[in-house]
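In the working numbering, the protein residues as written are 62 to 211.
We put the CB at the ideal spot given by N, CA and C, even for glycine.
Keep in mind the model is a prediction, meaning the values are calculated, not measured.
Step one of this worksheet: look at the structure below.
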């Protein structure tokens, strides 16, 4: 099959831009900011509550992250987090609750295929590359710090 030439591609691009409705970029940015800030506010409230139990700062932070991941997974299971993500975009995807959503959503979607080939195989479809590249980046940064501080 012959490849479309550059003029055809450019004409198609212009036509698609003309036919597409305008995106409310400013409104989307404000909503994402407000929703992301609200999620972070909930995290801060949880941190204050966990810290009030008298445990150390590191343990409080760890427990807060665990609670926020649980809340993200819980609201994904109820079908609420995906609706929030549709409205807030990256404001819902960037916080740690969005990470939980990226693991639970594919697991729920493919549960009909069984636990091994469905849930287990597809659970990290979105989050897997994030985990791998985060791990590689942490190795590179820690190696650089180790070398530079000797």
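Among the residues of its own chain, which have a CB less than 6 angstroms from the CB of residue 171, if the five just before and after it don't count?
179 and 183
What is the DSSP secondary structure of residue 75, reduced to helix, strand or coil?
helix
Using the beta-carbon count (16 or more within 10 Å), is residue 96 buried or exposed?
buried
Write down the C-beta distance between residue 93 and residue 149 rounded to the nearest angstrom, noting that I regard them as a contact closer than 8 angstroms.
5 angstroms
Endpoints, the alpha helix (DSSP H) within which residue 105 is located:
86-112
Residue 124, enclosing alpha helix (DSSP H) - first and last residue:
118-138
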